[in-house]
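Shown next, in structure tokens, is the structure this report addresses.
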Amino acid sequence: MAKKPTTLIRKSDFSQPTGSNELAMLDVYMPMMKSSAIIAAGRLGLFEALAVGPLSVAKLAAKIDSSNKGTAALTDFLIALGYLEKHGDHLANTASTQRWFTSRGKVDYTPGLLWTHEAWSMMGGLAEAVRGGHPENILWNAMVEKPHLGDLFSSYMAAFASDLGADLLKHVPVQAEYRQLLDLGGSHGLHAIRFCHHYPQLNAAIVDLPSALTKTGKTIKNEGLSERIDLIPGDLQEQNWGINHDLVFYLSVAHNHTVDENRLVFQRIFNSLNPGGLLVIHEYLTKTPKNALDAAFRLTLLLETGTQTYSYDDYSNWLTEAGFKSVELVHLDPREKGSFILARH
Ligand SMILES: C[S@@+](CC[C@H](N)C(=O)[O-])C[C@H]1O[C@@H](n2cnc3c(N)ncnc32)[C@H](O)[C@@H]1O
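Letter by letter, the sequence shown follows residues 31 to 375 of the numbering used here.
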């Protein structure tokens, strides 16, 4: 049967600069309102409430425990933004909202909305981070002070991970003799779980900060993998991860570390890998000139961890210097999903 063509949904994009002097504040006001409305919908469970089918404003308001007046004001704006649509006098999710922000879709990024609600207030300190050239309070310390931040961040990362899982399985060649997987900064554990389910010969260890691992043990237990996946809580710079690994994951972790830290980690990974072993890096690579997404992410990193994204040449040089025999680059589709770097021992 012929594959159904994907319909491209173009939502109104208020975050593009208008370039109009008269309307300059719209560049600030509309993106703020757009983000706030989508985040509020996520916090209220509005998209999930519509996931099973269209509802009248009154029924939706009752379902999300909100006023009719407030629900009508919010949904009017979400319709204008292309997140909801009208079916007669009922409200419905658009196909894109159903796909990305409900449990019935391909990936549910609602945890990203809940995280962005927290990040929103942190962004209030951006001018101070720019002035100082480093975060006022590093994200990992903030997670120790406010433990709910660690849980929220891990849930957000888990949404990314469920989106990335199929790409990883497709591009990472696991040889029959591979036995031991090490997932550095493995957080929610979804990558190690996926690979252990897919490759019954594998056992795994996950190293991450305690703030990222609060729910990971339970998830692993629910998957029946407690005998095969170990947790090593602590700073990966200081922890002993053991030796004789066949496969090492360093997925979206390098941008949280400095140049010297990454070079040291790659040397330690090389020394702990068995001959024929493989290191897999997932990253958002920087290029010259920087595009808007890369520049925005670098600004976020300045505020959160004081670190940055790096170029493919940086990785290639560090990995070669550590002793890796070959280094391969795979760009993901769409490109916003980042790239894999595969380094062979
Ligand atoms: C962007 S998240 C990526 C999580 C996961 N690898 C994934 O791809 O979904 C970065 C992870 O690195 C962890 N991390 C950052 N610095 C660390 C350190 N010094 N030691 C251990 N884990 C660290 C964070 O706690 C977080 O879980």
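No residue lacks a Cβ here, since even glycine has one placed at the ideal position from N, Cα and C. Keep in mind the model is a prediction, meaning the values are calculated, not measured.
Here the stretch 159 to 166 makes no contact with the stretch 189 to 204; the two share fewer than three CB pairs at distances below 8 Å. Sorting L220, K176, A159 and Q210 by C-alpha distance to the C-alpha of A189 places L220 at the top. With a cut-off of 7 Å, the C-beta of H312 is classified as near ligand 1, since at least one heavy atom of the ligand falls inside that distance.
Taking a C-beta distance under 8 Å as the contact criterion, G180 and T132 do not qualify as a contact pair. Contact between Y345 and I371 holds: CB atoms are separated by about 5 Å, below the 8 Å threshold.
Cβ atoms of I259 and A206 stay farther apart than 8 Å, at about 20 Å. The residues P165, L332 and L333, in chain order, have a CB closer than 6 Å to that of A159 in the same chain once the five nearest residues on each side in sequence are set aside.
DSSP places K136 outside any alpha helix (DSSP H), giving it a letter other than H or E. Residues L239 of the same chain have their beta carbon placed closer than 8 Å to that of D265, with the five preceding and five following residues left out of the count.
When the five nearest sequence neighbours on each side are left out, the beta carbons in the same chain lying within less than 7 Å of the beta carbon of G247 are those of L261, in order along the chain.
Applying a distance threshold of 5 Å between residue Cβ atoms and the heavy atoms of ligand 1 selects M187, A191, G215, S217, D238, L239, A242, D265, L266, L281, S282, V283 and N286, given in chain order. Ranked by Cα distance from A373, the options V289, G336 and F279 are led by F279. Pairing A70 with L104 gives a Cβ-Cβ distance under 8 Å. One Cα belongs to I299, the other to A235, and the distance between them is close to 14 Å.
The beta carbons of G272 and H375 sit about 16 Å from each other, so the pair does not count as a contact at 8 Å. The shortest C-alpha to C-alpha distance from G100 to any of K116, P263 and L74 is the one to L74.
The alpha carbon of S185 has as its nearest neighbour, out of T124, I94, T249 and Y229, the alpha carbon of T249.
With a beta-carbon spacing of about 6 Å, L323 and E366 fall inside the 8 Å limit used to define contacts. The three-state secondary structure of I299, taken from DSSP, is helix.
Q267 counts as exposed, since fewer than 16 other beta carbons sit within 10 angstroms of its beta carbon.
In this structure, DSSP gives V202 a state outside helix and strand, which the three-state scheme calls coil.
The beta-carbon separation of T146 and S65, rounded to 7 Å, stays under the 8 Å limit for a contact.
Burial is judged here by how many other beta carbons sit within 10 angstroms of a residue's own beta carbon; H312 has at least 16 and is buried.
Relative to the Cα of G162, the nearest Cα in the group E358, D106, T335 and V283 belongs to T335. When DSSP reads this structure, K64 sits in no beta bridge, so it has no partner. A check of alpha carbon separations from P263 across N292, H285, S217 and G254 identifies S217 as the nearest.
The alpha-carbon separation between S86 and Y113 amounts to approximately 16 Å.
When the Cα atoms are used, L90 and G72 turn out to be separated by approximately 14 Å. A check of alpha carbon separations from Y229 across R209, L362, N286 and S126 identifies R209 as the nearest. For the stretch 284 to 340, the continuous beta strand (DSSP E) assignments of 3+ residues that do not extend past its boundaries occur at 303 to 313, in sequence order.
For V360, the enclosing beta strand (DSSP E) covers residues S356 to H361.
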